[in-house]
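A.B. asks: Chain order of the listed sequences is A and B. Position 100, counted from 1, in the first sequence is what our numbering calls 1098; the numbers after and before it change by one each time, with no gaps. Position 149, counted from 1, in the second sequence is what our numbering calls 165; the numbers after and before it change by one each time, with no gaps. Glycine included, each C-beta is placed from N, C-alpha and C at the ideal position.
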Amino acid sequence: MNKKVYFISAFLVVLAGAIIAAKVIYGGHNINPEVSKHLWRVKTVINITGKGERAKVRMTLPQDNIHQIIYNEHFENAEMVFYIRERPLTGNRIGFWRNELLEGSKSIQYSFSAQLKKNVYAIPPSYNIPKSPKKTYPAEMQVWVDPSTLIQSQDPAVKQHLKNAVGKERNASRAMRNIFDFVRGEVKYRSEKGSKDAKEALKKLEADCGGQARLFAALSRAAGLPSRLVGGLIMESGIKSTTHVWVENYIAGEWVPFDTVNNHFAETPANYVELYRGDYPLFKHVGLSKFQYFFVIGPERIPPVDNPWSLYVLPIHFQNFIKVLLLIPLGALVVAVFRSVIGVPTFGTFAPILLALAFQEISLFFGLLCLVGIIFLGWVFRTVLDHLKILVIPRLSLIVTLVVMLVLVMVVVFYHLGQQRILFITLFPMIIMTWTIERYSVIQIEDGTRAALRTALGTAIVAIAAYYLMGIHMLRVFLFAFPELLLVIMALLLILGRYTGIRLTEIVRFKEIFKIKR
Amino acid sequence: MINPFTVFKQFGLLGINRRNACYTLARNPRRLYPLVDDKLKTKEILEAHQIPCPELYFTIKHNFELKYLRELKFLKEFVIKPARGAEGRGILVMVDKTGNEWKKASGERISIEDIEYHVSNILAGLYALGGVNDEAFIEYRVHSHVVFKSLAYQGVPDIRMVLYRGVPVMSMLRLPTKESGGRANLHQGAVGVGIDMQEGRTLGGVHHDKLIEHHPDTDMLIAGLKIPFWNDILEIAAKIYDVFPLGYLGVDFVIDQVLGPLILELNARPGLNIQLANRAGLLPRLGAVDQFGTQVESWPWDKRLETTRRLK
């Protein structure tokens, strides 16, 4: 019997390993080594501290375009409300995090992988800048033609300078070259301290990457070309908290990139990731006393697998549901170990897992408090109902109703006491708790209060252990990226199923044996 | 520092994991469980094979049959049991009747409404393994044999015998106490007493997992009592295997002062306290039975009983 089980377990582990290896290596023979050099993994960590009021954070998220593929996105939203919106004007994708009442600190994490490539553009040598930009370009592009607060393309100083730099040059390629050389040559680069907008950059002749970019854009718009800022990250292994800004000009039907800071004329190198388009900040936040972010960048080994069956193709909100689902087998493993190896009694096998999930929704301390309170009160109700000789099934329904009424009272009381946390109790934990009351009561009547309390305590202990295990960030990420790890959990459960050792609690139970003389 | 695992190994302790993995799962065919878990089905089969058990008065299988409980007014004493209750749950024992009410062994008064409420709880599955619908039955109330008078506080002591592959290997006498409310349930405070398989004499006792030599209520010495009808009990136990071929089986006997040994119920998952009560582990005896080869199950009952005698 055991041999069969071990064989099947070994097979499952090997199978899981094979699938994982295939995922990592697959496509490797299709992808040439040139491309694999440009795979990166970025983890954005946003640390925020609330002020006790409504808090909002928004961040533009990278998207696929001609020189990057974004994949394996992973969000850890720290229990905040999260949704994504697309802005039709710019095409930017923005992630919003919101908390109605934020006290204390949270850490939001957003990770993604990117496959990048170098893009070189050739400006057609005979292309001339169109004379009337208002008529040439469609309405939605006018925003890139008109001046803005920081890109003062109609400012007389700017216009004067354009004349100096470009003169009567109408050839696009040559005009660009002149503007580029001027900004790069004449405006000194100073990171952080330099000027930020076009006019000032021109006056002081020194600017940071934003200032240089805005000046370039201003000059380009003054010349009659649609021009926009592009924000992104430069991929280098390590930790950084600065982003980079460069410019794109619409020339002959294409958006052509220019970076005067790092000397990229009509090209983007293979280590630029684009995060947003337009002159916007990467982050915006409201209602926070502290806001801090950084990026952890490292090489990525897994290429974007063109796998329509992968979990990553699912919409983000459904992904969150799947992540919870994946945690359940993990919880089941914890229960199995605690029952079979340690010998902790619980109310059934599912109860600790469901309790752990409930704790994730309403915090551990609060969940345990509710559990104890509800068991106690449920026991009181049940004793009363017993006295009234109520039948079993209506009795359970009565207890549920009473528990709901209790929750209503609790919510109103806590609200007036200023404790807003309770507003987030949902249906799910309530159902679990009510069912637990019934189980507790039966054991209490039949086996005594001690046995019932022991089982309740055992259930709580296993639930807490499962809660902590399920909270390990790395495990969640791994399970989602490689759901075949469930096969490994199955293998472990199979082996546990044939475990014949003495349970740890049995050592206590049979301790009188030590008194028996051999 | 003593290594508990070596002490247990020397003792031959059977833990719950091993009992489930190597014995109950391996030796008990799943299809036979319903016959053993459902006391009503067990009684039907026992009576069909003329194996002695407490007389069945009547059954209540549906809610509309509750009104038949009114017939109980003609009975002075009886026992109500759930067909699928485990570990003595849901059992109501009426020992006397005064006027319109019955009395429990504790003296508590019970009315017909209390009884109807209790039976409806049984039908709703409150005491059943798995919690789904159940049936209730009323049976003869056993009067315990006089030999136990000094050792039992109210209630009826029973004898649990464990059979492995049809061979009786170990047995335990369970004595109700004040604490257990007259129930022979070790978890609720009854005393477990080991029994020497050859002579049917009691050994020491165990109470709440602690070794004792004297009954907690009467302070009588536990060891040395000779169980009446011991050879009959062994014989019935061995014969049971032919009717219920479960490889790892617990058989619960009571000894009625008039009718002698009766089978109360069978158990497909007999507990492990029997080892503490006997101050001996089960593993050596189970291993000894296995030494006799693969044909043990097919031996006639007397040959299997002989194996019991050869176990020491």
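Comparing alpha-carbon positions, which option in A:G1089, A:G1376, A:D1195 lies nearest I1430 of chain A?
C.D. replies: The shortest Cα separation from I1430 of chain A among A:G1089, A:G1376, A:D1195 belongs to A:G1376.
A.B. asks: Return the first residue and the last residue of the alpha helix (DSSP H) that Y1125 of chain A is part of.
C.D. replies: Y1125 of chain A -> no alpha helix (DSSP H), and no H or E assigned at all.
A.B. asks: What does the Cβ neighbour count give for Y1081 of chain A, buried or exposed, with the cut at 16 atoms within 10 Å?
C.D. replies: exposed
A.B. asks: Grab the span of the alpha helix (DSSP H) containing I1006 of chain A for me, first residue to last.
C.D. replies: 1000-1023
A.B. asks: Where do the ends of the beta strand (DSSP E) carrying S187 of chain B lie?
C.D. replies: 183-191
A.B. asks: How about T1498 of chain A: is its C-beta nearer than 8 Å to some C-beta of chain B?
C.D. replies: yes
A.B. asks: So, at 8 Å on beta carbons, what are the nonlocal neighbours of H203 of chain B in its own chain, with the 5 sequence-adjacent residues on each side left out?
C.D. replies: E103
A.B. asks: Closest by CA to Q307 of chain B, which one among B:L327, B:R295, B:N294, B:G210?
C.D. replies: B:L327
A.B. asks: In the DSSP assignment, find the unbroken alpha helix (DSSP H) run with Y133 of chain B in it and report its ends.
C.D. replies: 128-139
A.B. asks: At a CB-CB cut-off below 7 Å, which residues of chain B make contact with R1501 of chain A?
C.D. replies: G31, I32, N33
A.B. asks: Taking beta-carbon pairs under 7 Å, can you tell me which members of the segment 292-323 of chain B lie near chain A?
C.D. replies: L292, R295
A.B. asks: Take the Cβ of M1403 of chain A as the centre, count every other Cβ of all protein chains shown within 10 Å, and call the residue buried at 16 or more, exposed below.
C.D. replies: That one is exposed.
A.B. asks: Could you list which residues in chain A have their beta carbon closer than 8 Å to that of L88 of chain B, in chain order?
C.D. replies: Near L88 of chain B there are no residues of chain A at all, since even the closest Cβ is about 18 Å away, more than 8 Å.
A.B. asks: Let me check one thing: in DSSP terms, what residues is Y1274 of chain A bridge-paired to?
C.D. replies: A:G1229
A.B. asks: If you run the structure through DSSP and keep just helix, strand and coil, what is Q1107 of chain A?
C.D. replies: strand
A.B. asks: Alpha carbon to alpha carbon, how far is S1111 of chain A from P1060 of chain A?
C.D. replies: The straight-line gap separating the alpha-carbon atoms of S1111 of chain A and P1060 of chain A is approximately 10 Å.
A.B. asks: Beta-carbon separation of A239 of chain B and G182 of chain B under 8 Å?
C.D. replies: no
A.B. asks: With 16 as the cutoff for other CB atoms within 10 Å, does Q1113 of chain A come out buried or exposed?
C.D. replies: It counts as buried.
A.B. asks: If you measure between the beta carbons of V1043 of chain A and F1292 of chain A, is that distance less than 8 Å?
C.D. replies: yes
A.B. asks: Which term fits Y169 of chain B, buried or exposed, when burial requires 16 or more other beta carbons within 10 angstroms of its beta carbon?
C.D. replies: Y169 of chain B should be labelled buried.
A.B. asks: Residue range of the beta strand (DSSP E) that W1244 of chain A falls in?
C.D. replies: 1242-1249
A.B. asks: Under 8 Å Cβ-Cβ, which residues of chain B neighbour R1507 of chain A?
C.D. replies: D225
A.B. asks: Checking contacts by CB at 8 Å: is S136 of chain B closer than that to chain A?
C.D. replies: yes
A.B. asks: Report the three-state DSSP secondary structure of A15 of chain B (helix, strand or coil).
C.D. replies: A query on residue 15 of chain B cannot be resolved here, the shown segment of chain B reaching from 17 to 328 and no further.
A.B. asks: Do we get a CB-CB distance below 8 Å when we pair G18 of chain B with the residues of chain A?
C.D. replies: The sequence given here places Ile at residue 18 of chain B; Gly does not occur at that position. Yes, contact with chain A.
A.B. asks: Check Q1290 of chain A in the structure and name its three-state DSSP category.
C.D. replies: DSSP, reduced to helix, strand and coil, places Q1290 of chain A within a strand of the structure shown.
A.B. asks: Report the partner residues of S160 of chain B according to the DSSP bridge assignment.
C.D. replies: DSSP links S160 of chain B through a beta bridge to B:D272.
A.B. asks: Counting along the chain, where does the beta strand (DSSP E) carrying V1335 of chain A start and finish?
C.D. replies: Segment: none, V1335 of chain A is in no beta strand (DSSP E) and carries neither H nor E.
A.B. asks: Using the DSSP secondary-structure output, state which residues sit across from Y1069 of chain A in a beta bridge.
C.D. replies: A:S1111
A.B. asks: Confirm, please, whether the CB-CB distance from V259 of chain B to Y180 of chain B is below 8 Å.
C.D. replies: no
A.B. asks: Starting from the beta carbon of K1041 of chain A, find every residue of chain B whose beta carbon is closer than 9 Å, and list them in chain order.
C.D. replies: In chain order: nothing, as chain B lies at least about 43 Å away.
A.B. asks: Hey, out of B:A284, B:E93, B:H161, B:I279, whose CA is closest to P261 of chain B's CA?
C.D. replies: B:A284
A.B. asks: Just to confirm, is the Cβ distance from R1039 of chain A to S1109 of chain A under 8 Å?
C.D. replies: Contact flag set, yes.
A.B. asks: List the residues of chain B that V1382 of chain A touches, going by C-beta distances under 9 Å, in chain order.
C.D. replies: Chain B residues near V1382 of chain A: none, gap ~15 Å exceeds 9 Å.
A.B. asks: Using the beta-carbon of each residue, which ones in chain B are nearer than 9 Å to A1330 of chain A?
C.D. replies: Those do not exist, as A1330 of chain A stays about 17 Å from chain B at its closest Cβ, beyond 9 Å.
A.B. asks: Which term fits N1028 of chain A, buried or exposed, when burial requires 16 or more other beta carbons within 10 angstroms of its beta carbon?
C.D. replies: Since pLDDT at N1028 of chain A reaches only 41, below the 50 mark, its modelled position is unreliable, and no value is offered.
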